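For reference, the structure discussed in these notes is given below.
In full-length UniProt numbering, the protein residues as written are 1 to 378.
Below you can see the structure in the form of structure tokens.
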């Protein structure tokens, strides 16, 4: 069916011959997957340097294709080199691969080609994606330790319930003595998991699947994201991350002379939180009606704090919105960097407290009946 649909896209397009169908399928299969962000950063940085040095665009793309390790990205760059050699504009060439580069990349390049400042725009794109990559890397680095500890805690708890508790239970079973409530709960939990392993496994998978499904569904994702913003500790961090992305992306787009309405539309798609996305995208109608950026942002103080509104107002009055937003982006990025450095030291005591409490409760549940067991043996 996929092959038939592809061949019906253009009325004059011929179907692949039977002998080539498997190769056609493999070509489509090769388009699956994402290009690593580091490959894109390397591509943009080197393309900007080559164009600045006077090398023709098609020659620069051909050279970059040879240097690219990722096979899929190499094929895409070669295709772009061939297209530009035929006289097709860089913008139209990129549109063929918009899923790889994104709407922001294509729009900024288009603005650069129209204004004759392609190398400056490429420099701006390089700064944009590099900053966002650094921000993402810092977040992942800060959260790796807590995630590993939590997974280890869950693994140890499950291991204790499945392997350790049953052995102790067999000892208690030989002694007809009243067990403490904590011990009864621990033994009951262990027995339930062991006796209903398939049910517990099925329910666990079903819950995980349900969470993943609802996170991917746009309507339920909105409520999840609303909850994330309300979370203590993590809510303000998520807010700052979205504000940093908003300021950085909008600044880059305005700096390359992309109209403000289009800039808002593109920026809304780059933000992870659906509350920010929905608000920014819906704001484009007000911008079309002549409402200023300041007035738009002022309408939602829960998402955009007074400092951003005030700075945006100052930028609009002086005609330097892009510079003001760039400074705000740097401010939030530095703030997030500092938070990410201190986050492990904030989370670590909480994790230790939770882990210690769990171990203590399990130890109490096991040790408390030991005295009764010793007396019975005596």
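Just so it is clear, CB atoms sit at the ideal spot from N, CA and C, and this is done for glycine as well.
A quick note: this is a predicted structure, and the numbers were derived from the prediction, not measured.
- In the DSSP assignment, residue 146 falls within the alpha helix (DSSP H) that extends over 118 to 159.
- Contact between the stretch 209 to 228 and the stretch 266 to 278 is present: 3 or more CB-CB pairs across the two stretches fall below 8 Å.
- With distances taken between CA atoms, residue 53 lies nearest to 118 out of 310, 133 and 118.
- Nearest in C-alpha terms to residue 326, of all of 365, 304 and 249, is 249.
- Three or more beta-carbon pairs separated by less than 8 Å are not found between the stretch 152 to 166 and the stretch 279 to 295, which leaves the two stretches without contact.
- Annotation: residue 232 to residue 351 spans about 15 Å, alpha carbon to alpha carbon.
- Fully enclosed beta strand (DSSP E) runs of no fewer than 3 residues are not present anywhere in the stretch 229 to 299.
- Residue 297 sits close to residue 309, with the two beta carbons spaced by under 8 Å.
- With respect to the C-alpha of residue 34, the residue from 102, 89 and 143 having the closest C-alpha is 102.
- Here the C-alpha atom of residue 89 lies approximately 44 Å from the C-alpha atom of residue 211.
- If you look at residue 105, you'll find it in the alpha helix (DSSP H) that goes 103 to 115.
- Taking the C-beta atoms as reference points, residue 282 is found no nearer than 8 Å to residue 124.
- Counting other Cβ atoms within 10 Å of its Cβ, residue 40 reaches 16 or more and is therefore classed as buried.
- Under the three-pair Cβ rule at 8 Å, the stretch 182 to 194 counts as touching the stretch 357 to 369.
- Bounds of the alpha helix (DSSP H) holding residue 95 are 90 to 95.
- Comparing C-alpha distances from residue 321 to each of 260, 199 and 342 shows the shortest one belongs to 260.
- Cβ-Cβ distances below 7 Å link residue 73 to 35 and 39 in the same chain, with the five nearest sequence neighbours on each side left out; the list follows chain order.
- If you check the CB distance, residue 246 and residue 271 come in under 8 Å.
- For residue 320, the three-state secondary structure derived from DSSP is coil.
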